[in-house]
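Residue numbers (the numbering used here): 72 to 539.
Here the structure is laid out as structure tokens; the discussion comes afterwards.
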């Protein structure tokens, strides 16, 4: 270990400020949109419930949730960089609020509001920590065929969220359906999407990495003259405020806890992929069991603590892992600067308020491509294994039941409310359970094994025909 190195390619290297700053800002650009978007989506869901029921405390100020998301992402990243005992991986990763939890949080939030989400998040985080402690023996139960199926179901389940946003948002759909999908909404949404596509495909370097941010800026600029941007919230917020500790009530609902626990288990296992990609791509070595354990525990610990600030569950960011693998820049100083920038933003309420002025059509246009990438990441994981009859059955049946049951709310309408909450609100839960169970139950066979079975059947058939 070199403590005096100035190399950006050494984790312990200490490059000068002017070298590290642009490299760190690159990571901020890559993560910032992904970090704030879940907060905007979930605030819309819980506020719609609060407006419908009139119950105080179910909703949440979107700007405050964004502020909490920035604060939590920074703290979680710092813990990964500078571990405390067994908490932290000591790897160059960027943490942030995860899209993977959105389907489940949306389902919980639509019934129990933000308090239900935060309570389930705390228990889910505890279960995630247990997964981290026992990650070595648990990994074998989540091979790529299972993990890929779950990731694919997450991506597929997010499409309706993105399309609702392009149309103007679920809130507009409920309160003013005649305005939902209006020409101005679609123009802004699809202009954002097209910009993201063009920049992502033809851009170079940091421009390419910032395709989503650029798309949002273009969509925002188009929305301004159309009267779709309201700056009133910015003036109502101060320049400085501490994160919202204890501001949001927390409730524990068994059905919500079960749903969230499943996703925390899956995402804890999924962290293995990001942490492994970081060490292989950026440090030319395999990840150690100690790093995996510390990284998963830190992620879940941050999610537990974050719940008390109104922060949503965090995870490692794959886009930042991609930057590490591409540039090989792993200096802890670079990631420290990025975390500090995000942390400062977490103390500025006006920043959170500014983010809430982004029209929902812009958010939808910017994120639908992200959700598509999540889906294809699942496909990529699935195809790491042979497409045997066994494996195609696991994937196909898990997705069929997961997507099918949630698409027909009446299917579970005659059962207790908790059954519908756990199994009928998000396709991810059913897809996970089915894929996990089938992977254990169905006998493992390779394509070669299946071909031998077919050959034996054919040989017996021919022998029987010849005997006649």
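C-beta: ideal position from N, C-alpha, C; glycine also.
Remember, predicted model here, so these are calculated numbers, not experimental data.
- For residue 353, no beta strand (DSSP E) run applies; the uninterrupted alpha helix (DSSP H) run containing it begins and ends at 325-354, by DSSP.
- For residue 220, the uninterrupted alpha helix (DSSP H) run begins and ends at 215-228, by DSSP.
- The beta carbon of residue 270 sits closer than 8 Å to those of 278, 279, 281, 282, 285, 286, all from its chain and outside the five residues before and after it, given in chain order.
- Around the beta carbon of residue 402, a 10 Å sphere encloses 16 or more other beta carbons of the protein chains shown; the residue is thus reported as buried.
- Scanning the region 409-446 from its first residue to its last, the whole alpha helix (DSSP H) runs of 4-plus residues come out as 420-427.
- Collapsing the DSSP output to three states places residue 372 in a helix.
- Where residue 387 is concerned, the enclosing beta strand (DSSP E) starts and stops at 385-387.
- Contact between the region 110-123 and the region 133-149 is present: 3 or more CB-CB pairs across the two stretches fall below 8 Å.
- Residue 389 counts as buried, since no fewer than 16 other beta carbons sit within 10 angstroms of its beta carbon.
- Nearest to residue 415 by C-alpha distance, out of 314, 363, 523, is 314.
- When secondary structure is reduced to three states using DSSP, residue 400 falls in the coil class, being assigned neither helix nor strand.
- Its Cα nearest to that of residue 375, the residue 195 stands out among 165, 121, 195.
- For the pair residue 178 and residue 496, the CB atoms are nearer than the 8 Å cut-off.
- Non-local beta-carbon contacts of residue 159 in its own chain, meaning distances under 6 Å to residues more than five positions away in sequence, involve 150, 151, 365, 369 in chain order.
- Between the region 198-210 and the region 428-436, the count of Cβ pairs shorter than 8 Å is below three; the stretches do not touch.
- Distance between residue 119 and residue 522, taken at the CA atoms: about 55 Å.
- Secondary structure note for residue 167: its beta strand (DSSP E) is the uninterrupted segment 166-168.
- In the three-state reduction of the DSSP assignment, residue 158 falls in the strand class.
- Between residue 418 and residue 458, the alpha-carbon positions lie close to 50 Å from each other.
- Contact between the region 391-405 and the region 75-93 is present, with at least three C-beta pairs closer than 8 Å.
- Between residue 435 and residue 237, the C-beta spacing is below 8 Å.
- Nearest in C-alpha terms to residue 230, of all of 452, 506, 447, 518, is 447.
- Residues of the same chain with a CB within less than 8 Å of the CB of residue 98, apart from the 5 flanking positions on each side, are 165, 391, 394, 405, 406, 409 in chain order.
- Taken through DSSP and simplified to helix, strand or coil, residue 489 comes out as helix.
- Close CB contacts of residue 506 within its chain, under the 7 Å cut and outside five residues either way in sequence, are with 217, 220, 221, 465, 469 (chain order).
- Fewer than three beta-carbon pairs drawn from the region 300-314 and the region 347-356 are found closer than 8 Å, and the two stretches are therefore not classed as touching.
- Shown here, residue 520 sits in a helix according to DSSP, grouped into three states.
- Nearest neighbour of residue 183 by Cα position, chosen from 324, 444, 157, turns out to be 324.
- Per DSSP, reduced to three states, the secondary structure at residue 236 is helical.
- The beta carbon of residue 117 sits closer than 7 Å to those of 129, 130, 131, 180, 184, 185, all from its chain and outside the five residues before and after it, given in chain order.
- Secondary structure note for residue 501: its alpha helix (DSSP H) is the uninterrupted segment 498-512.
- By the neighbour-count criterion, in which 16 or more other beta carbons inside 10 Å mark a residue as buried, residue 336 falls on the buried side.
- When 474, 488, 461 are compared, the shortest CA-CA separation from residue 518 is found for 461.
- Taking 8 Å as the cut-off, the Cβ atoms of residue 532 and residue 340 do not count as close.
- DSSP places residue 83 outside both helix and strand once states are collapsed to three, so it counts as coil.
- Taken through DSSP and simplified to helix, strand or coil, residue 474 comes out as helix.
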